[in-house]
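Asker: Residue numbers (the working numbering), protein chains in the order written: chain A, 1 to 118; chain B, 1 to 113.
Mind looking over this structure? Questions follow.
Shown next as structure tokens:
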């Protein structure tokens with residue numbers, strides 16, 4: 001089946017530093033990738049939709065200059081949390097869509113990255 | 001806009017007993033419906049999905065769900081649960097391929113030995 005990986009799985013950083021999280025589709029091409037954020041014991045909140053070769057679409061309330069998304073290829077999307085602060089500590093999960101025009105779709109999720117900002 | 005309601009935040013069930021996790025949705029257009037499971041500190045795994053056709057959908061790990069358009073529901077069921085089913089379960093909707101998922105708040109299923 002389709003596999004999505006994330007790296008790193010866990011990161012601890014100091015306040016003010018930037019952190020990059022990678023999301024890769026290992027055995028399929030993903031035209032669309034999604035980035036979610038999950039606070040403890042809460043649901044997933046969509047942050048942005050990333051399409052290969054174009055700018056990401058951010059959800060309302062998500063700062064695009066703080067959460068930089070790059071989708072440079074059909075198998076890789078990156079999320080960079082710039083100038084991270086303790087309130088950015090969260091579980092970040094990406095998903096990749098295998099849909100092609102006219103086909104049914106499924107989003108496959110990565111294992112998540114736990115970010116802790118000290 | 002779409003929304004998903006999972007009324008039960010926690011559901012304790014004895015091992016080998018049946019379980020139903022409730023999900024209701026709201027949308028002005030047709031939707032695709034999904035159930036995902038999340039084990040501690042892990043990402044989400046798809047249990048099952050309804051796109052069209054038969055309203056009874058069978059998924060992995062013995063789970064099934066039934067789409068009820070008139071009641072705008074997509075409840076998840078399993079006839080006999082196991083300890084390994086302990087996890088968080090999320091119901092989600094989307095309006096089509098390549099569209100974002102809107103999640104419910106999740107239901108924590110706890111299996112009592």
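Glycine included, C-beta positions come from ideal geometry on N, C-alpha and C.
From residue 43 (chain B) to residue 109 (chain A), what does the alpha carbon distance come to, in whole angstroms?
Answerer: Here the question's residue 43 (chain B) lines up with position 43 in the second chain. Here the question's residue 109 (chain A) lines up with position 109 in the first chain. Those two C-alpha atoms are separated by around 6 angstroms.
Asker: In whole angstroms, what separates the C-alpha of residue 83 (chain B) from that of residue 113 (chain B)?
Answerer: Walking along the second chain from the start, residue 83 (chain B) turns up at place 83. Walking along the second chain from the start, residue 113 (chain B) turns up at place 113. C-alpha separation (whole angstroms): 7 angstroms.
Asker: Are the CB atoms of residue 26 (chain A) and residue 43 (chain A) nearer to each other than 9 angstroms?
Answerer: Translated into the one-based positions of the first chain, residue 26 (chain A) becomes position 26. Translated into the one-based positions of the first chain, residue 43 (chain A) becomes position 43. Not closer than 9 angstroms, so no.
Asker: Residues in its own chain within less than 6 angstroms of residue 20 (chain B) by CB, not counting five upstream and five downstream?
Answerer: Mapped onto the second chain, residue 20 (chain B) falls at position 20. Answer for residue 20 (chain B): 75 and 77, listed in chain order.
Asker: Starting from residue 112 (chain B), trace the beta strand (DSSP E) in both directions and tell me its first and last residue.
Answerer: Along the second chain, read from residue 1 onward, the residue named residue 112 (chain B) stands at position 112. Segment 107-112, the beta strand (DSSP E) holding residue 112 (chain B).
Asker: Is residue 58 (chain A) close to chain B? Criterion is C-beta to C-beta, closer than 9 angstroms.
Answerer: Residue 58 (chain A) sits at position 58 when you count from the first residue of the first chain. False, the Cβ-Cβ gap to chain B never drops below 9 angstroms.
Asker: Is the number of C-beta pairs between the stretch 4-14 of chain B and the stretch 58-71 of chain B that are closer than 8 angstroms three or more?
Answerer: The stretch 4-14 of chain B is not in contact with the stretch 58-71 of chain B.
Asker: Measure the CB-CB distance between residue 2 (chain B) and residue 95 (chain B) and report whether it falls below 9 angstroms.
Answerer: Sequence index remark: in the second chain, residue 2 (chain B) carries index 2 (1-based). Sequence index remark: in the second chain, residue 95 (chain B) carries index 95 (1-based). Yes. Within cutoff.
Asker: Just the Cα atoms here: how many angstroms apart are residue 55 (chain A) and residue 69 (chain A)?
Answerer: Locating residue 55 (chain A) in the first chain gives position 55, counting from the first residue. Locating residue 69 (chain A) in the first chain gives position 69, counting from the first residue. Using only the alpha carbons, I get a separation of about 8 angstroms.
Asker: How many Å lie between residue 117 (chain A) and residue 66 (chain A) at the Cα?
Answerer: Position 117 of the first chain, counting from 1, holds the residue named residue 117 (chain A). Position 66 of the first chain, counting from 1, holds the residue named residue 66 (chain A). Using only the alpha carbons, I get a separation of about 14 angstroms.
Asker: Within 9 angstroms of any Cβ in chain B, is that where the Cβ of residue 25 (chain A) sits?
Answerer: The residue you call residue 25 (chain A) lines up with position 25 of the first chain. No, no contact with chain B.
Asker: Can you give me the C-alpha to C-alpha distance between residue 56 (chain B) and residue 91 (chain B), rounded to a whole angstrom?
Answerer: Taking the second chain and counting its residues from 1, one reaches residue 56 (chain B) at position 56. Taking the second chain and counting its residues from 1, one reaches residue 91 (chain B) at position 91. Answer to the nearest angstrom: the Cα atoms are 16 angstroms apart.
Asker: Could you tell me the distance, in whole angstroms, from the CA atom of residue 103 (chain B) to the CA atom of residue 23 (chain B)?
Answerer: Locating residue 103 (chain B) in the second chain gives position 103, where the first residue counts as 1. Locating residue 23 (chain B) in the second chain gives position 23, where the first residue counts as 1. Taking the straight line from one Cα to the other gives about 10 angstroms.
Asker: Give the range of the beta strand (DSSP E) segment to which residue 58 (chain B) is assigned.
Answerer: Your numbering for residue 58 (chain B) matches position 58 in the second chain. Element bounds for residue 58 (chain B): 56-58.
Asker: Between residue 69 (chain B) and chain A, is the shortest Cβ-Cβ distance under 9 angstroms, so that the two count as touching?
Answerer: Position 69 of the second chain, counted from the first residue, corresponds to residue 69 (chain B). Residue 69 (chain B) does not count as touching chain A.
Asker: For residue 27 (chain B), collect the residues of the same chain with a Cβ closer than 6 angstroms to its Cβ; drop the 5 residues on either side in sequence, then sort them by chain order.
Answerer: Against the second chain, residue 27 (chain B) aligns to sequence position 27. Cβ within range, chain order: 2.
Asker: Give the interface partners of residue 74 (chain B) over in chain A, defined as CB-CB distance under 9 angstroms, in chain order.
Answerer: The sequence position of residue 74 (chain B) within the second chain is 74, counting from 1. Going along chain A, no residue has its Cβ under 9 angstroms from residue 74 (chain B), so there is no contact; the nearest lies around 16 angstroms.
Asker: For residue 103 (chain B), decide whether its Cβ has a neighbour in chain A, counting only Cβ atoms nearer than 9 angstroms.
Answerer: Counting from 1 along the second chain, the entry for residue 103 (chain B) is found at position 103. Chain A contact via Cβ: present.
Asker: Answer with buried or exposed for residue 37 (chain A), where buried requires no fewer than 16 other C-beta atoms within 10 angstroms of its C-beta.
Answerer: The residue given as residue 37 (chain A) occupies position 37 in the first chain. Buried, by the Cβ-count rule.
Asker: Any idea which residues DSSP pairs residue 24 (chain A) with across the strands?
Answerer: Along the first chain, read from residue 1 onward, the residue named residue 24 (chain A) stands at position 24. DSSP output for residue 24 (chain A) lists A:5 and A:76 as bridge partner(s).
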